[in-house]
Amino acid sequence: MNKLTAREKCFCRFCAALGNPAQAAEWAGIPADQAKSILGREEAAAFVAACEGELGRDSPEHQLLRGVLRLVREGGNDAAVLMLRHEELTPRQIQMLDLYGVSSFKRGSDGSVEIKLYDRLRALEMLERIVGNASDRQEADALCAALEQSAGTLCTGDGDGQV
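In the working numbering, the protein residues as written are 900 to 1062.
Take a look at the structure:
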């Protein structure tokens, strides 16, 4: 039985938090084929189960963690589409956009559109506080490092997370 590396533990935590191994692999920076083999290992399955137990799948804490993880990872692509093409989009197309990271949307009287995004840096700080309650600080640090690496550039412009 091989011991899990810090990156593999990070992947397992993402699996437990997200319930989506493909997305967890992407976020942890692990190739999809390697992710399948990791999940096939007994120690990884046990670690995922333990993480799920800690999170309490349907608990408010788990829902909060999933939401914060999504904010950290959320791209602004669909928000940019909405901002640039709002007049061309049908209601159905707008409904299909992933606007989870949008905090507000305002249309000016002159036809301009203002979209504000949630601050990803604050979401990362909140995630750090959540993970800070973990018993194993080394695992928490690995999780935060993987998040920061996978999130890429957190803010653009003046750093307030707005487009």
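Note that the Cβ used here is the ideal one computed from N, Cα and C, for glycine as well.
- Exposed or buried, Arg-984, counting other C-beta atoms within 10 Å across all chains shown (16 or more means buried)? exposed
- Message: Based on DSSP bridge pairs, tell me the residues matched to Glu-942.
- Response: Answer by DSSP bridge pairing: none, since Glu-942 is not bridged.
- Which of the three DSSP states, helix, strand or coil, is assigned to Ile-937? helix
- Item | For Val-1001, the nearest candidate out of Gly-975, Arg-1021, Ser-1011 and Leu-1023 (CA to CA) | Gly-975
- Message: Taking 7 Å as the cut-off, is the beta-carbon of Asp-932 closer than that to any non-hydrogen atom of the ligand GTP?
- Response: The ligand GTP is not part of this structure, which contains no ligands at all.
- Out of curiosity, what's the CA-to-CA distance linking Gly-918 and Thr-904? 20 Å
- Message: Per DSSP, what are the beta-bridge partners of Val-1121 in this structure?
- Response: As shown, the chain starts at 900 and ends at 1062. That puts residue 1121 outside it, with no answer to give.
- Item | Selected residue, minimal CA-CA separation from Leu-968, among Arg-906, Ala-949, Glu-951 and Arg-1019 | Arg-1019
- Message: Give me the residue from Met-982, Arg-991, Gly-1007 and Glu-953 with the minimum Cα distance to Met-1016.
- Response: The sequence as given places Leu at residue 1016; Met does not occur at that position. Out of Met-982, Arg-991, Gly-1007 and Glu-953, Met-982 has the C-alpha closest to the C-alpha of Leu-1016.
- Spatial distance of Arg-912 from Leu-970 (CA atoms): 17 Å
- Straight-line Cα distance separating Gly-939 from Phe-910: 13 Å
- Message: If the criterion is Cβ atoms closer than 8 Å, does the pair Val-980 and Leu-996 meet it?
- Response: yes
- Message: Is the beta carbon of Pro-920 closer than 8 Å to that of Ala-934?
- Response: yes
- Spatial neighbours of Ala-915 within its chain, please: CB distance less than 7 Å, with the 5 preceding and 5 following residues excluded, ordered by chain position. Val-947, Cys-950, Glu-951 and Leu-954
- Message: Less than 8 Å between the beta carbons of Phe-1004 and Ile-993, yes or no?
- Response: no
- Message: Distance check for Arg-906 and Gly-1010, CA to CA, integer angstroms please.
- Response: 47 Å
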